[in-house]
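S.K.: Take a look at the following structure, please.
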Amino acid sequence: MLKILVLHGINLNMLGQRDPAQYGTLTLADINARLEVLAGALGVELACFQSNCEGAFCERIHLALSEGVDAVVVNAGAWTHYSYGVRDALAILTVPVIEVHMSNIHAREPFRHHSVFSEIVKGQICGFGVDSYLLGLRAAVTAAAV
Numbered sequence: 003m004l005k006i007l008v009l010h011g012i013n014l015n016m017l018g019q020r021d022p023a024q025y026g027t028l029t030l031a032d033i034n035a036r037l038e039v040l041a042g043a044l045g046v047e048l049a050c051f052q053s054n055c056e057g058a059f060c061e062r063i064h065l066a067l068s069e070g071v072d073a074v075v076v077n078a079g080a081w082t083h084y085s086y087g088v089r090d091a092l093a094i095l096t097v098p099v100i101e102v103h104m105s106n107i108h109a110r111e112p113f114r115h116h117s118v119f120s121e122i123v124k125g126q127i128c129g130f131g132v133d134s135y136l137l138g139l140r141a142a143v144t145a146a147a148v
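Following this line, the structure appears as structure tokens:
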């Protein structure tokens with residue numbers, strides 16, 4: 003059974019309360035529940051993790067290496083645009099990494115247009131709300147099965 007890790011970064015614990023016009027009203031727990039349902043349908047094992055602490059986030063990525071995770075779906079939030087520490091941690095992984103964002107980062111403020119992860123991830127999905135995560139999980143499963 004494939005093992006997929008979903009990483010939620012900084013401020014994503016505030017989904018449902020943070021800028022509902024941009025991110026909708028679903029909470030992180032709602033998103034994780036939808037991911038669990040899809041994981042069950044796809045026949046994969048899913049683990050979800052969220053942190054507002056960059057060090058803890060990197061340590062969880064390091065742990066994925068030793069756990070034998072088959073793919074990672076990551077929404078690092080604002081870290082996407084400037085955290086070379088998270089980028090370097092993700093680059094250690096030898097499995098497909100799928101970057102997701104609920105909003106279309108390319109249609110927002112200019113600082114959000116650039117992802118420091120883009121050179122190391124398999125692909126990026128953005129702009130589809132919670133479906134970005136679900137599409138990301140499907141992409142991770144497909145990429146890991148190759």
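Each number in the working numbering corresponds to the 1-based position in the sequence shown with 2 added.
Glycine included, each C-beta is placed from N, C-alpha and C at the ideal position.
Could you give the first and the last residue of the continuous alpha helix (DSSP H) run that contains Glu69?
M.R.: Segment Glu56 to Glu69, the alpha helix (DSSP H) holding Glu69.
S.K.: Are three or more beta carbon pairs between the region 11-19 and the region 39-56 nearer than 8 Å?
M.R.: Segments in contact, yes.
S.K.: How close, in whole Å, do the beta carbons of Ala91 and His64 come, if the pair is a contact with beta carbons under 8 Å?
M.R.: 6 Å between Cβ atoms; contact.
S.K.: Which first and last residues belong to the alpha helix (DSSP H) in which Gly125 is found?
M.R.: Taken as a continuous stretch (DSSP letters only), Gly125 belongs to no alpha helix (DSSP H), being part of the beta strand (DSSP E) at Gly125 to Cys128.
S.K.: Specify the secondary structure class of His116 as computed by DSSP and reduced to three states.
M.R.: Coil, per DSSP.
S.K.: For the alpha helix (DSSP H) containing Glu38, name the first residue and the last one.
M.R.: Run containing Glu38: Leu30 to Leu44, per the alpha helix (DSSP H) assignment.
S.K.: Flag this pair as yes or no: are the beta carbons of Ala73 and Ile100 separated by less than 8 Å?
M.R.: Yes, these two residues count as a Cβ contact at 8 Å.
S.K.: Suppose you measure from the CA of Leu137 to the CA of Ala41; what does that come to, to the nearest Å?
M.R.: So the alpha carbons of these two residues sit roughly 11 Å apart.
S.K.: Spatial neighbours of Val102 within its chain, please: C-beta separation below 8 Å, excluding the five flanking residues on both sides.
M.R.: Hits under 8 Å: Val75, Val76, Asn77, Gln126, Ile127, Cys128, Ser134, Tyr135, Leu137 and Gly138.
S.K.: Do Ala146 and Val97 count as a contact pair if the criterion is CB distance below 8 Å?
M.R.: A contact, by the Cβ cut-off of 8 Å.
S.K.: In whole angstroms, give me the CA-to-CA distance for Phe113 and Lys124.
M.R.: Answer to the nearest angstrom: the Cα atoms are 22 Å apart.
S.K.: Between the alpha carbons of Val8 and Cys50, how many angstroms are there, rounded?
M.R.: Val8 and Cys50: Cα-Cα distance of roughly 5 Å.
S.K.: Under 8 Å between the Cβ atoms of Val132 and Arg20?
M.R.: Contact: no.
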